[in-house]
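Position one of the sequence shown corresponds to residue 0 (numbering that gives the first Met the number 0), numbered consecutively onward. Note that CB positions come from ideal geometry on N, CA and C, so glycine has one too. Since the structure is predicted, the reported quantities are computational estimates derived from the model, not experimental observations.
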Amino acid sequence: MSGVKKLKVYALSNDPIYIGTGGYTIGRVDNTIVRDTITRIPKIPGSSLAGTWRYYMALELQGWLKKNFVDFKDALDKNNTEDSWSDTKTLVNRIADNELGEEKVSFDKRKEKFMEYAVRMNEAINSSSGDSIQNHWQLYWGNLISSIKCAGQDDKPNDDHERGGMFEKLDDTGHCGHCIICKTFGFSKKNLSQQGIGFFSDLNILLFPVYTRLGVKWITSPGILEDAEAEVKFINRNTKADEEGPESIWERLRNELAKDNVIMINGSTGDASQNSINLGWLNLNVKKQDVSVSIPSLTEEKDIWPHIHKNLVIVPDSLISHIINSNLEVRTSVSIDPLTGAAKSGALFTSEAIPRGTVFYGDIRLAEREGAESVLTDDIEKALEDSKRYYESLGIGGMVTRGFGRLKVYLQK
Ligand SMILES: [Zn+2]
């Protein structure tokens, strides 16, 4: 059976996010960010997401293999014949060399050995941690020959796929072509190229924070909520029950917005007497309507979600791009002349960014392939889950060393 497994991705920015377009100047801003070509709403491109995740998954895998190296060495090399073996990849290759003798040049024989080692390593790690049988995605057989080089660009695309990653030029092979990272994100070797199993969509803005005279409000629109498959309900103010109408929730939202040309606000007490709200330079009439919006994963963030939800504002689809674009964070910086230590004249520049507190949505689709590869999507899902925490420390996009780019990522089946 082959099919597609879809994982939803949500993200909350803890810093402003800057993903530059490289050198275009629009209006007052020198360093512009990537936007959707049709809506002009800024976004995080899927290519940025996949690129960073590839790196983070490789970090996670290498860190894990290193952490458990002593257990693996004990399991595979009981007599401790060699003390100088310092990493899993070297260890398994040397042991395979010894055990296979003349057959060590056969890829299939070697692969068999690696699969056998992976099982023994899995057992070793389970018995040392006291876990009952658990399969670690990190011990997918191909991961034993992975290296941190699988994270970036392949610098050895002309190597042979079957041999390159395994036993020749151990420390210098570019993409191995066999590990979970290479399978998820793809690789290209002279005799075999494979598109990755994972397809990463853009991360689009779902909720966008705007500073108003009533405090920070998170804006969104019916089109965005519908596209993100958020669960939206109208709540009756008096009875607190869900209100069901004859039309769909999206029609109803759009009708309400069109009729009065108003925005709707989730009535938090302080705002109850307000008849209008300013979103940047736009002043708009308010219609109060209790709406419940539920977004998987985020709803479970008890410290954050109730505050955002209480301050939701739904604006017409026709206004959302306008409001987002006029409320981006704009920072002015100046280049410093390294000789004088003073500001260079004429070197003042501005950068725009998506502000912190923005909520994004997107998805990852994993193509389930026929045969042996089909088990892999479960492993990939676990690998994505285990490596997403790096976004909270290392972030995404540009200017990450200047306090930009960190975000919390959520994965939802
Ligand atoms: Zn690899």
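Among the candidates the options, whose CA atom is the shortest distance from the CA of residue i?
i, options, result
"LYS5", "SER200, MET398, PHE68", "SER200"
"LYS287", "LYS309, PHE106, HIS177", "LYS309"
"ILE196", "THR51, PHE207, CYS178, ILE204", "CYS178"
"GLY279", "SER12, ASN324, VAL333", "ASN324"
"LEU58", "ILE180, GLY141, GLN133, ASP29", "ILE180"
"GLU228", "SER293, LEU48, ARG53", "SER293"
"PRO14", "LEU375, ALA352, GLN411", "Before going on, a small fix: residue 14 reads as Asp here, not Pro. Nearest of LEU375, ALA352, GLN411 to ASP14, Cα basis: ALA352."
"MET114", "ASN142, SER105, ILE335", "ASN142"
"LEU283", "GLY45, HIS135, ALA257, LEU393", "ALA257"
"ARG251", "ILE234, LYS239, THR238", "ILE234"
"TYR55", "MET398, LYS412, GLY394, LEU410", "GLY394"
"LEU11", "ASN30, TRP140, TYR390, ILE313", "TYR390"
"LYS65", "GLY100, SER320, SER146", "SER146"
"ASN157", "SER85, PRO44, SER127, ASN190", "ASN190"
"VAL285", "LYS216, VAL118, GLU161, LYS387", "LYS216"
"LEU297", "LEU347, THR211, TYR409", "TYR409"
"SER413", "ASP70, HIS321, LEU224", "There is simply no residue 413 to check, as the chain begins at 0 and stops at 412 in what is shown."
"PRO424", "ALA341, LEU202, ASN125", "Because the chain spans 0 through 412 in this model, residue 424 falls outside it and cannot be assessed."
"SER46", "SER392, ASP362, THR31", "ASP362"
"ALA150", "PHE71, GLN61, THR400", "GLN61"
"LYS343", "SER334, TRP304, SER127", "SER334"
"SER392", "ASP29, ILE32, THR51, THR36", "THR51"
"VAL231", "GLY100, ILE248, ILE218, ARG368", "ILE248"
"TYR87", "LYS77, GLU102, ASN67, LEU375", "The question names Tyr, but residue 87 is Thr in the sequence shown. The option with the nearest alpha carbon to THR87 is ASN67."
"ASP378", "GLU101, TYR139, GLY404, LEU406", "TYR139"
"ASN78", "ILE94, GLU299, LYS412", "ILE94"
"ASP336", "ASP76, SER192, ALA74, LEU347", "LEU347"
"PHE207", "GLU161, THR89, GLU328", "GLU328"
"ILE43", "LYS239, PRO354, PHE106, GLN273", "PRO354"
"MET398", "VAL3, GLY2, ILE16", "ILE16"
"LYS188", "TYR210, ASP154, LEU205", "ASP154"
"LEU433", "GLY222, HIS135, ASN30, THR183", "Here the chain has residues from 0 to 412 only, and residue 433 is not among them."
"ASN274", "GLU243, LEU213, PRO315", "LEU213"
"ILE144", "LEU406, SER126, GLY173, GLU122", "GLY173"
"THR36", "GLU384, THR183, THR20, ASP159", "THR20"
"ILE322", "LYS407, LEU48, THR219, ALA382", "THR219"
"ILE276", "TRP304, VAL312, ASN254", "VAL312"
With a threshold of 6 Å (Cβ to nearest heavy atom), would residue i be considered close to ligand 1?
i, result
"SER350", "no"
"HIS160", "no"
"ILE303", "no"
"SER145", "yes"
"ASP180", "Here the sequence assigns Ile to residue 180, which means Asp is not the residue at that position. Yes - ligand 1 has a heavy atom lying nearer than 6 Å to the Cβ of ILE180."
"HIS174", "yes"
So who's on the other strand from residue i, going by DSSP bridges?
i, result
"THR219", "ILE313"
"PRO208", "TRP217"
"ALA342", "ILE335"
"LEU374", "For clarity, residue 374 is Val in the given sequence; the question names Leu instead. DSSP, once it has assigned bridges, lists no residue as partnering VAL374."
"PHE359", "ALA10, ILE204"
"GLN411", "LYS7"
"ASN277", "ASN282"
"GLU242", "PHE233"
"THR349", "THR331"
"VAL399", "Paired residue(s): none; VAL399 is not in a bridge."
"ASN92", "ASN92 is not bridged to any residue."
"GLY290", "Here the sequence assigns Val to residue 290, which means Gly is not the residue at that position. Per DSSP, PHE233."
"ILE319", "Per DSSP, none; premise fails for ILE319."
Can a CB atom of chain C be found closer than 7 Å to the CB of residue i?
i, result
"VAL408", "The structure shown has no chain C; it contains just one protein chain."
Next on the checklist: Please give me, in chain order, every unbroken run of the beta strand (DSSP E) with length at least 3 that falls completely inside the region 33-81.
Outcome noted: none
Next on the checklist: At 3 residues or longer, what runs of the beta strand (DSSP E) sit wholly inside the region 122-196?
Outcome noted: 185-188, 191-194
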